[in-house]
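Here my numbering is used: the first residue of the sequence shown is -3, the next is one more, and so on.
A short write-up of the structure that comes next.
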Amino acid sequence: MLTKVHPWVALGLVCLGLIPTGATGQSVDVYQLYALGRVDSVIHLLEQKSRADTAPLAAEQRLLLGLAYARNNELGKAAHVLGKVWGELPGDRSVGLALAEVYERAGRLPLALRVLWRLEEEDSTAFPVLSRLGVVNFKLGDVASAWRIFDKLGRLYPRRAGVQIWRARCALKMDSVETACEAYRRAVQLDSLNTAAWLGLARVLLAQDSLKAASWAAERELKISPRHPQLHRLNAEILQGLKQFEKAVVEFLEAQALGDHSAELFQKLGNCYYALGKFDKAKEAFSRSVALKPENPVSAYGLGLCYKREDSLAQAAGWFRTALELSLPDYLGELYFQLGDCSAQLGDVRGAVALFRKALEYGASRGVVYYALATTYDRSYRDKRPALRAFEKALRYGGLSPEAVRYARERVERLRELVHFQQGRSRKSAGGS
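Now the structure itself:
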């Protein structure tokens, strides 16, 4: 009787043509339908049989029904059926793995973990069990346990590239970039056609600022998988790091054409356009990024820079404030500086000075901020001593453009004369009184 045969074995026999349709009754058709991917028909036939027969379906048939539910994304029904079969056949590893996979797909990771630990107790070296156990631990955020499992798998199965990829992912989560790089290198040695391995290696090399090596890895894999959007995006990020912005734009657009429409892609595309001076296109890209992910502070900051370039200072200030509200720790100094510069140009001198001081507090370039303070004081105050001191500090701290340095030196000379003149007049006034 075919119902006594494990469904996966029957499936293989049907696929190989060793069991013809109808050879052992109607149940053969069910397995063949499953093999052909017609899971709706499998579900219909088995449910019909369950209702028609007084005796319940055999465990193997219920297993097939559970697998059909899973393939049809009816995960609740699949978990219910497979859970019952697992209760009857607790030693059957294939049933346990199927149940764990259903729990994992349904987001019920603790239940998947419980099933997998039971399977691991019975066989602590089985690759299918250990690999899923590692993945589920990783998804649950228990990276240390996942690392121990994949490290054990690496020793038990040293020729599996997938194990090395997961070792690398765990190492990255633990901030061990060198270990991750070593694991990815091992993975590409084991499987030179593995896109995930090359992609991971290129990303790690990019994180290490080994841009030329990262570019080599990405371009090599692009020759094998030219229509992989993540590879094009990664190559674009590498080219962006190499300051090859025109080429980076081409790669970002290729990734977009292949289906990557993420907020991060448009944000980085906007950065490239901004670096090329194409502010209209940069604004369009940043706007699309914000539309997809309103809480993205980097794109809000980019929009602020674009509007400032257009002298739309009120809109620029609005976007800088949005970026500040969204919290951007690495950019706080620069954000306060840009917001202060907008306020100064809009005539809010007191607000601008307060924001410039905030920028200094949060680590913005001291030379640039003091230069902005100096020009604000110079334009707004009759007393030139604050402007003179700020220009002198700007020159002392550096970081200015050649034009700004020349202007600051000229103003220092002129302001010293003015301050000397103002002080002389003050002394005369004091003496006369």
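Glycine is no exception: its CB is placed at the ideal position from the N, C-alpha and C atoms.
Query raised in the report: Do you know how far the Cα of Leu61 is from the Cα of Ser23?
Result: Residue placement at Ser23 is flagged as unreliable, the pLDDT there being 47, under the threshold of 50; the coordinate-derived value follows with that caveat. Rounded to whole angstroms, Ser23 to Leu61 spans 12 Å at the Cα level.
Query raised in the report: How would you write the range of the alpha helix (DSSP H) that Thr50 sits in, first residue to last?
Result: Counting along the chain, Thr50 falls outside any alpha helix (DSSP H), and DSSP gives it neither H nor E.
Report task. Starting from the C-beta of Glu388, find all residues in its chain whose C-beta is less than 7 Å away, skip the five residues before and the five after it, and write them out in chain order. Result -> Correct list, in chain order: Val408.
Query raised in the report: Are Leu301 and Gln341 closer than 9 Å when you measure CB to CB?
Result: Not closer than 9 Å, so no.
**Report entry** Member of Ser46, Ala183, Ala66 whose CA lies at the smallest distance from the CA of Tyr30
**Finding:** Cα-wise, what sits closest to Tyr30 is Ala66.
**Report entry** Unbroken alpha helix (DSSP H) run spanning Asn133, endpoints
**Finding:** For Asn133, the uninterrupted alpha helix (DSSP H) run begins and ends at 123 to 135, by DSSP.
Report task. Using a threshold of 9 Å, state whether the C-beta atoms of Cys166 and Val125 are closer than that. Result -> Going by beta carbons, Cys166 and Val125 fall outside the 9 Å limit.
Query raised in the report: From this set, Trp143, Lys219, Ser285, Trp194, which residue's C-alpha is nearest Ala213's C-alpha?
Result: The option with the nearest alpha carbon to Ala213 is Trp194.
Query - Rounded separation between Gly103 and Leu356 - CA only - result: Using only the alpha carbons, I get a separation of about 47 Å.
**Report entry** Own chain, CB closer than 6 Å to Val111, minus 5 neighbours either side, in chain order
**Finding:** Apart from sequence neighbours up to five positions away, the residues of its chain that approach Val111 with a beta-carbon distance below 6 Å are Gly92, Leu95, Ala96, ordered along the chain.
**Report entry** Option nearest Arg229 by Cα separation, candidates Ala244, Lys239, Glu43, Ser206
**Finding:** Distances from the alpha-carbon of Arg229 to those of Ala244, Lys239, Glu43, Ser206 put Ala244 closest.
**Report entry** Glu117, DSSP secondary structure in three states
**Finding:** Shown here, Glu117 sits in a helix according to DSSP, grouped into three states.
Query raised in the report: By Cβ distance below 6 Å, which residues in the same chain neighbour Leu384 in space, the five residues on each side in sequence not counted?
Result: These residues qualify, in order along the chain: Leu411, Val415.
Query raised in the report: DSSP state of Leu396, grouped into three classes?
Result: In the structure shown, Leu396 sits in coil (DSSP, three-state: anything other than H, G, I, E or B).
Requested in this report: On a CA-only basis, which of Ile161, Glu117, Glu174 is nearest Phe134? Give me that one, please.
Outcome: The option with the nearest alpha carbon to Phe134 is Ile161.
Query - Straight-line gap, Leu168 to Ala54 (C-alpha atoms, nearest Å) - result: Taking the straight line from one Cα to the other gives about 47 Å.
**Report entry** Extent of the continuous alpha helix (DSSP H) run through Tyr99
**Finding:** If you look at Tyr99, you'll find it in the alpha helix (DSSP H) that goes 89 to 101.
**Report entry** Outcome for Trp315 when other beta-carbon atoms lying within 10 angstroms are tallied against a minimum of 16
**Finding:** Residue environment for Trp315: buried (at least 16 other C-beta atoms within 10 angstroms of its C-beta).
Requested in this report: Could you tell me which uninterrupted alpha helix (DSSP H) segments, each at least 4 residues in length, are contained entirely in the stretch 132 to 183, listed from first to last along the chain?
Outcome: Segments of the alpha helix (DSSP H) lying fully in the stretch 132 to 183: 139 to 152, 157 to 169.
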